[in-house]
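Notes for the one structure printed next.
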Amino acid sequence: MAFQRPFRTLKKWKQTLRELALHILDIAENSISANADEIKIIVEEDLQKDILRILIQDNGKGMDAETLAKITDPFITSRKTRSVGLGIPFFKAAAEACQGSFTIHSVPGKGTSVEAVFRHSHIDRMPLGNIESTLITLLMGTPEIHWIFEYRNNESCFIFDDQPIKETLEGIPLSEPAVMRYIREMIETGIQEVHLSGIMEATH
2 MAFQRPFRTL KKWKQTLREL ALHILDIAEN SISANADEIK IIVEEDLQKD
52 ILRILIQDNG KGMDAETLAK ITDPFITSRK TRSVGLGIPF FKAAAEACQG
102 SFTIHSVPGK GTSVEAVFRH SHIDRMPLGN IESTLITLLM GTPEIHWIFE
152 YRNNESCFIF DDQPIKETLE GIPLSEPAVM RYIREMIETG IQEVHLSGIM
202 EATH
């Protein structure tokens, strides 16, 4: 299934990427375009260390050293007709603007990992945003991909893995309204419980 990018210009990117969940969506779309069939997303909040870490890993086609060295350039292209990687330089800039860091590793034929670390309390840090809707969008748009999501807050952790759900459904599509409601509630509840637990841990 072709996953279409909704944004085409730098101006639109700057206007639209105002929460980190949308950056995650963009990086995940890169993984989809790289023919990954397993994508893992980790969001970690550590209030004691004052960090927010986002990691996206895939088993796609990866990039060679030359492409990797240029990937933070917003105008790099992999085809003559289309710019790619627009979200990567903006994601990098967002992290570095918050006294954070950005790293990207890739091996041809094995996959790519993108990590951004933010100072959690920094005044310029974007809000995490609606991560639940981002995950639902990815699940519905690419049900053939194995999606894993981890949300960590201090010592607490919520893990969502769509593979056991798909096996239980025995062919029933994830797009079924009742299935999607169940998945959304599972993700929302898991994140909320871990978030509250993390806050309690940080204040004791």
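Start counting the sequence shown at 2; every next residue gets the next number (our numbering).
Where a beta carbon is used, it is the ideal one built from N, C-alpha and C, also for glycine.
(request) Excluding the 5 residues preceding and the 5 following S32 in the sequence, name in chain order all residues of the same chain whose CB lies nearer than 6 Å to its CB. (result) Same-chain partners within the cutoff: I40, D59 and G61.
(request) Measure from the alpha carbon of L170 to the alpha carbon of each residue in I160, F159 and Y183, then state which is nearest. (result) The shortest Cα separation from L170 among I160, F159 and Y183 belongs to Y183.
(request) Give the straight-line distance between the Cα atoms of P144 and L175, rounded to the nearest whole angstrom. (result) The alpha-carbon of P144 is positioned some 7 Å away from that of L175.
(message) According to DSSP, Q58 sits in a beta bridge with which residue or residues?
(response) Looking at the DSSP output, Q58 bridges to K41 and S114.
(request) Quick one: grab the DSSP three-state call for R19. (result) DSSP places R19 in coil when its eight states are reduced to three.
(message) The alpha helix (DSSP H) that contains S134, what's its start and end?
(response) Start and end: I132 to G142.
(message) As a quick exercise: from S134, A70, M201 and G88, pick the residue whose alpha carbon is nearest that of N154.
(response) It is M201.
(message) For S198 and G63, I'd like the C-alpha separation in whole angstroms.
(response) So the two alpha carbons sit approximately 37 Å from each other.
(request) Count the C-beta pairs between the segment 114-123 and the segment 88-102 that are closer than 8 Å, then say yes if the count reaches three, no if not. (result) The segment 114-123 vs the segment 88-102: in contact.
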